[in-house]
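Counting from 1, position 199 in the sequence shown corresponds to residue 237 in my numbering; the numbering is continuous, with no gaps. The C-beta atom is built at its ideal place from N, Cα and C for all residues, glycine as well. Notes follow the structure.
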Amino acid sequence: MSGSVWLRLARVSNLPTVWTNALVGTVLAGAEDTARILVVIVALSSFYTAGMLLNDAFDHAIDARERPQRPIPSGEVAPGTVFAVGFVGLLVGLLVLLLAVHGFAPATGWRPLLAGIALAGAILLYDWHHKGNPLSPVLMAACRLLAYLTAGYAVATILPDALWLAALAGGCHVVGLTYVARQENLTRLENLWPLALLAVPLLYGLWLATHGVLPAALWLGFAACLGAALSWLRRRGPGDVPRAVVTMIAAIALLDGLFLAAGGRTDLGVLAALLFALTLVLQRWVRGT
């Protein structure tokens, strides 16, 4: 079994967007210790990769019928092995999160552990029951929202309004995109309601764009990604839906960069833009859907 199997199962191409989530959560919460921020990034990366592994593990019977080329149904790895590694990954995420909390001074009490447990629970619930579940996009968005909050609580006892708003906007982006991608015909009025959810980060970001040149540039990039994705979803030619989805996953990094730049961290805003580009490059190597 090659290492590329695990990279595909873990959808490692999307990890840069998890790193920007961690940056937003820790930096907007006031973190200044680079080592502590890096530990939080490792914790959220473990949560994310574990969730992706468990997603395939729970879906292996369905994938055997619909996507037999996936690593588990193709026989490249046993489902029991993936289950085991996935559950260990969630545990590692919790343990590393505790290191971020208690390995640095000051500690932030019980909130980060509860946030981490809630994140692990949301991941498990989504992976276990997302097929045929009309609320699965909400669960997926909850995972992203909790990633921001878990990162914040790892470094602070009270989270600022800017972080709560960023988490809400990021969650609306994920749930709106997922529901839009499910619609079969975006020309019908009754199918357009998810656009209201996508408008939340777009409009909030527009207000943040008034904070400077870099925030404005990041907002324009995010808006361009959204516009391109919606055009592909409306057209729905061969490959358009996956293309739209991976583009908007990558755009999470641009949205996070906007949050950071508007909060005064132009250096991290630039870094987030680079991580957006890195996500697009990695998605050519490992599919990010």
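### Query
Is His168 helix, strand or coil by DSSP?
As a first step, residue 168 is located in the sequence shown; it is residue number 130 there, counting from the start. Here His168 sits in coil by DSSP.
### Task
List the endpoints of the continuous alpha helix (DSSP H) containing Ala299.
Numbered from its first residue, the sequence shown carries residue 299 at position 261. For Ala299, the enclosing alpha helix (DSSP H) covers residues Asp278 to Ala300.
### Message
Please state the DSSP three-state secondary structure of Pro198.
### Response
As a working mapping, residue 198 is identified with position 160 in the sequence shown. In the three-state reduction of the DSSP assignment, Pro198 falls in the coil class.
#### Entry: Straight-line Cα distance separating Gly89 from Ala122
The residue given as residue 122 occupies position 84 in the sequence shown. The residue given as residue 89 occupies position 51 in the sequence shown. Ala122 and Gly89: Cα-Cα distance of roughly 12 Å.
### Task
Drop a sphere of 10 angstroms on the beta-carbon of Leu227, count the other beta-carbons inside from all chains shown, and report buried for 16 or more, exposed for fewer.
Against the sequence shown, residue 227 aligns to sequence position 189. For Leu227, the predicted structure reports a pLDDT of 44, less than 50, and the residue's modelled location is therefore unreliable. The matter cannot be settled from this model.
### Query
What does a CB cutoff of less than 6 Å around Leu136 pick up in its chain, not counting 5 residues either side in sequence?
The residue labelled residue 136 in the question sits at position 98 within the sequence shown. Closer than 6 Å at the Cβ level, and outside the excluded window around Leu136, lies no residue.
#### Entry: 8 Å contact criterion, which Thr248 and Val193 should meet: CB distance rounded
Walking along the sequence shown from the start, residue 248 turns up at place 210. Walking along the sequence shown from the start, residue 193 turns up at place 155. For a cut-off of 8 Å, the C-beta gap from Thr248 to Val193 is around 28 Å, too long to register as a contact.
### Query
Alpha carbon to alpha carbon, what distance is there between Arg103 and Phe395?
With the chain running from 39 to 327 in the structure shown, residue 395 is simply not present.
### Query
Which one of Asp165, Ala204, Leu187 and Ala234 has the shortest CA to CA distance from Ala300?
Working through the sequence shown from its first residue, we reach residue 300 at position 262. Of the listed residues, the one whose Cα sits closest to Ala300 is Ala204.
### Message
Please classify Val126 as buried or exposed, where buried requires at least 16 other C-beta atoms within 10 Å of its C-beta.
### Response
Position 88 of the sequence shown, counted from the first residue, corresponds to residue 126. Under this definition Val126 is an exposed residue.
### Query
Where does the unbroken alpha helix (DSSP H) through Ile75 begin, and where does it stop?
The residue labelled residue 75 in the question sits at position 37 within the sequence shown. Here the alpha helix (DSSP H) through Ile75 covers Thr72 to Phe96.
### Leu187 to Ala153 span [Cα, whole Å]
As a working note, residue 187 is residue 149 in the sequence shown. As a working note, residue 153 is residue 115 in the sequence shown. Going by the C-alpha atoms only, they are around 7 Å apart.
### Query
Taking the Cβ atom as the reference point for each residue, do Phe260 and Ala288 lie within a distance shorter than 8 Å?
Residue 260 sits at position 222 when you count from the first residue of the sequence shown. Residue 288 sits at position 250 when you count from the first residue of the sequence shown. No; because the gap between Cβ atoms is not below 8 Å, this pair is not in contact.
### Task
Round the Cβ separation of Ala138 and Leu157 to the nearest angstrom and send it over; I've been treating them as touching at under 8 Å.
Here residue 138 refers to the residue found at position 100 of the sequence shown. Here residue 157 refers to the residue found at position 119 of the sequence shown. About 13 Å; that fails the 8 Å criterion.
### Task
Please state whether DSSP places Glu104 in a helix, a strand or coil.
To locate residue 104, count along the sequence shown from 1; it is residue 66. DSSP places Glu104 in helix when its eight states are reduced to three.
### Message
So, with DSSP's three-state summary, where would you put Ala153?
### Response
Taking the sequence shown and counting its residues from 1, the one referred to as residue 153 is at position 115. In the three-state scheme derived from DSSP, where H, G and I count as helix and E and B as strand, Ala153 is classed as helix.
### Task
Return the CA-CA distance between Leu320 and Ala267, expressed in angstroms with no decimal places.
Within the sequence shown, numbered from 1, the residue matching residue 320 stands at position 282. Within the sequence shown, numbered from 1, the residue matching residue 267 stands at position 229. Here the C-alpha atom of Leu320 lies approximately 18 Å from the C-alpha atom of Ala267.
### Query
For Ala282, is the classification buried or exposed, using 16 other Cβ atoms within 10 angstroms of its Cβ as the cut-off for buried?
Working through the sequence shown from its first residue, we reach residue 282 at position 244. Buried, since its Cβ has 16 or more Cβ neighbours within 10 Å.
#### Entry: Member of Ala95, Ser42, Arg303 and Arg105 whose CA lies at the smallest distance from the CA of Ala116
To locate residue 116, count along the sequence shown from 1; it is residue 78. Minimum Cα distance to Ala116 is reached at Ala95.
### Query
Apart from the five residues on each side of it in sequence, which residues of its chain come closer than 6 Å, Cβ to Cβ, to Val130?
Along the sequence shown, read from residue 1 onward, the residue named residue 130 stands at position 92. Around Val130: Ser84.
### Task
Please list, in chain order, all residues of the same chain as Ala60 whose beta carbon is under 6 Å from its beta carbon, the five residues on each side excluded.
In the sequence shown, counting from the first residue as 1, residue 60 sits at position 22. Val78, Ile79, Leu82 and Ala189.
### Task
Return the chain-ordered list of same chain residues with a C-beta closer than 6 Å to the C-beta of Trp44, the five sequence neighbours on each side being excluded.
If you number the sequence shown from 1, residue 44 lands on position 6. Scanning its chain for C-beta atoms nearer than 6 Å, with the 5 sequence neighbours on each side dropped, one finds no residue around Trp44.
### Cβ neighbours of Val213 in the same chain (closer than 6 Å, five flanking residues each side left out)
If you number the sequence shown from 1, residue 213 lands on position 175. Cβ neighbours of Val213 beyond the five flanking positions: Pro175, Val176, Ala179 and Leu235.
### Query
Heavy atom of the ligand ZN less than 7 Å from the Cβ of Ala289, yes or no?
The ligand ZN is not part of the structure shown, which contains no ligands of any sort.
### Query
Taking Cβ positions, are Pro111 and His98 nearer each other than 8 Å?
Start at 1 with the first residue of the sequence shown, and residue 111 comes out as number 73. Start at 1 with the first residue of the sequence shown, and residue 98 comes out as number 60. Closer than 8 Å, so yes.
#### Entry: Three-state secondary structure assigned by DSSP to Leu227
Here residue 227 refers to the residue found at position 189 of the sequence shown. Because the pLDDT at Leu227 is just 44, under 50, the model does not fix this residue reliably, and the value given afterwards should be weighed accordingly. Note: Leu227 maps to helix in three-state DSSP.
### Task
Using only alpha-carbon positions, find the residue among Val251, Pro280, Thr317 and Met286 that is nearest to Ala262.
Numbered from 1 along the sequence shown, position 224 holds the residue referred to as residue 262. Per the C-alpha coordinates, the member of Val251, Pro280, Thr317 and Met286 positioned closest to Ala262 is Met286.
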